[in-house]
Structure formats: C-alpha cells, structure tokens
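Residues 0 to 294 in numbering that gives the first Met the number 0 are what the sequence shown spells out, letter by letter. Structure, as structure tokens:
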Amino acid sequence: MQIISTVAELRVRLHNETNIAFVPTMGNLHEGHLDLVRIAREHGKCTKGTQSANQQAGCGVVCVVVSIFVNPLQFGPSEDFSTYPRTLEQDCTLLEQCGVDVVFVPSVNEMYPAQQTVFVEPPLIANDLCGASRPGHFRGVATVVLKLLNIVQPQVALFGKKDYQQLHIIRQMVAQLNLPVEIVGGETVRAPDGLALSSRNQYLSATERTEAAFLYQILTGMRQDLLRGETDFSKLEHGAAQALAARGWKVEYVAVRSQASLARPEEHEGNLVILAAVRLGQTRLIDNLEVCLKG
Ligand code: PAF
0 MQIISTVAEL RVRLHNETNI AFVPTMGNLH EGHLDLVRIA REHGKCTKGT QSANQQAGCG
60 VVCVVVSIFV NPLQFGPSED FSTYPRTLEQ DCTLLEQCGV DVVFVPSVNE MYPAQQTVFV
120 EPPLIANDLC GASRPGHFRG VATVVLKLLN IVQPQVALFG KKDYQQLHII RQMVAQLNLP
180 VEIVGGETVR APDGLALSSR NQYLSATERT EAAFLYQILT GMRQDLLRGE TDFSKLEHGA
240 AQALAARGWK VEYVAVRSQA SLARPEEHEG NLVILAAVRL GQTRLIDNLE VCLKG
C-alpha cells in the first residue's frame, strides 16, 4: 500500500490505472468505511475469465484508492474542525489489512494552495434538513468531492448511505455536471444495539452511548407505523421529536421524505426515507432509514 500526500505524485501513480475505485473519507475509520472499501474492491473485480479478456472488456485489475482529508470547507466556524479525530497511523493499518492500494493524505495546503474562490453551488435541497443548521456545509462537501474526483479520476466512487443527504447531493452533482464516474451508496453499518457507526460517536460519554441507541428505536418505530399504513407524516415526525425531547435530546429535525428528491413526499409515494439529526449532550448524531411501501 502506498501513502501519497501530493496531487502530482498521485497523478503519476494512477496514470496507467484503468479501473480505479475510490473511497473519500475524513479518516478515523470504522467498519462503515471499511465496508465501503470492501465494496470498492468487489465492484471493480474482473469476471471475464482470463486477464486479456478482462483487459479487452476494460476491467483491468481494480486499484482501490482511499483519501483521508478533514476538509475545512465543510465545517462551520463553531463546529469541530480542529477537534475532529485524526488517527492516521491506525487508519493506515486498517486500510492495509483491507488490501487498499493507495491512500491519499493531502494537507490543507495541498488541497487549497490558494484561497478557494470557486465553489460548487449545490441544489436547493442543500439548504434543508442538515443544511438548515449547517449553512455552507454541502457547498464545502460538493466542492471538495469534485476536486477529489478530478484528482483521482476514478471509474467508481463510494459513499455511505448514513450521510443520505450528502449522497443525494453528490449524485445530483455528478449527473448534472456530467462527471464520468459511477456513484455507489453503501448501506449504513450499525452497532449491535442499532446505533449507526460514526466517527463522532466517540464524543459520547458512556451513559450517552447507551442512550444513543434510542434514535434507531425511534426510526424503526416510525418505519413500522408507515408500513402499517400511517399516512400522516407530520404526526409521525412530531411524535418522534417529542419522544426524543422528553428524554433530553435536542432535535434538529425528524422528517419523512421522498428517497428520490428528499422533498416532502407526494401523495401515494412509495419510496420514502426517514431522516433525523439530533443532539445528545454535545454530540450531533444523524441517521436515516429507507422505507419502501408496496404500491
Ligand atoms: O463523508 C465524509 O466523510 C466527507 O463529507 C467527505 C465525503 C469525505 C468529503 O469531505
């Protein structure tokens, strides 16, 4: 596994690769990230039999690239950019065990050698849900992801569904800007009690960590209600927010949305997603569950 920190070196290393699978991360890796790495390797696997048949079919051996970069552009002034956990050595050990080929670890100066004055303007949905309390966040995400895609030039890039709104905005960016890359979403990986894995979970105290599983219980309860035929989404959202608030959580939003647009669902829309952002003590947690209603 090679660890590369400059754009120039990375371009040389990847010059002859024809089948790159890319997992962008901010490091402090957990099973959710490692799952994406495994999907990345599987996704690019050759299935044509012989090496020459694979090469002819354009599926040479996959090169898995992971980036680790805590992107200042996507953090607000009062957010946790400076304290975000940075665990490069441990991350590299895990990535090596997973068979990653290249880890790209640029400095802030390497990614932003001059003041960044050109940005990706994300779609309006970026101002809703998480964007409502994190102004500029998705602009920062979209801009760095576009830069990373341009630097790595992968055939496929993988993002976790836990950041559902992020994945949606990246898909929109790739489609609307005609970027030649396939975007694949990986399922959320959960702890045995249901808590979605996240680098920020380590901010939770022991008591908070036990309590944190309640968010998944709330989401699964809402999913059951929807599957049983509940159509009053506002009632569900308010009920869930109240139940969380009653136990001391600070609720940013609990929302039932369309999977396709993340807008409020049209009547009889079948593919829904329940999304939530909440604070438990000082820790902000997000989670979501997809719900597919039969037509
Ligand atoms: O999901 C993340 O870890 C980050 O938002 C990403 C996609 C690596 C961009 O900085």
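Even glycine gets a Cβ: it sits at the ideal position worked out from N, Cα and C.
Problem - CA nearest to the CA of leucine 292, picked from Glu268, Ser132, Pro112 and Ser106 - result: Glu268
Practice task
Under 7 Å Cβ to Cβ from leucine 279, same chain only, skipping five residues before and after it: list those, please.
Solution key: Leu203, Glu207, Glu210, Ala211 and Trp248
Problem - Proximity of tyrosine 163 and asparagine 287 at Cβ, strictly below 8 Å - result: yes
Handout entry: Sequence-distant residues of its chain with Cβ nearer than 6 Å to valine 253 (five each side left out)
Key = Glu236, Ala239, Ala240 and Ala275
Practice task
Measure the CB-CB distance between glutamine 134 and glycine 98 and report whether it falls below 8 Å.
Solution key: The amino acid occupying residue 134 in the given sequence is proline; glutamine does not appear at that position. Cβ distance not < 8 Å, so proline 134 and glycine 98 don't count as in contact.
Exercise for the section: Verify whether the separation of the beta carbon atoms of valine 104 and isoleucine 2 is less than 8 Å. Expected result: yes
Handout entry: Start and end residues, alpha helix (DSSP H) containing glutamine 164
Key = 163-175
Handout entry: Contact between the region 23-42 and the region 145-157 (3+ Cβ pairs under 8 Å)
Key = yes
Exercise for the section: Consult DSSP for cysteine 291 and reduce its assignment to one of helix, strand or coil. Expected result: strand
Exercise for the section: Let me know the beta strand (DSSP E) ranges lying completely inside the region 9-43, each 3 residues or longer, listed in chain order. Expected result: 19-24
Problem - Contact test: threonine 24 Cβ vs ligand 1 heavy atom, cutoff 7 Å - result: yes
Exercise for the section: Please report the residue range of the beta strand (DSSP E) in which cysteine 62 lies. Expected result: 62-67
Handout entry: Assigned secondary structure, serine 260 (DSSP; H/G/I helix, E/B strand, else coil)
Key = coil
Practice task
Kindly indicate which residue of Arg138, Val277 and Gly159 has the alpha-carbon position closest to the one of leucine 35.
Solution key: Gly159
Exercise for the section: Determine the direct distance from the alpha carbon of glutamine 96 to that of phenylalanine 232, and round the result to whole angstroms. Expected result: 44 Å
Handout entry: Spatially closest choice to glutamate 8 from Glu109, Cys62 and His167, by CA coordinates
Key = Glu109
Handout entry: Those residues which DSSP pairs with phenylalanine 103 across a bridge
Key = Ile3 and Ser66
Handout entry: Rounded straight-line distance, which links the Cα of leucine 28 to that of alanine 20
Key = 17 Å
Handout entry: Under the three-state DSSP convention, the category tyrosine 318 falls into
Key = Not covered by the structure: residue 318. The range shown for the chain is 0 to 294.
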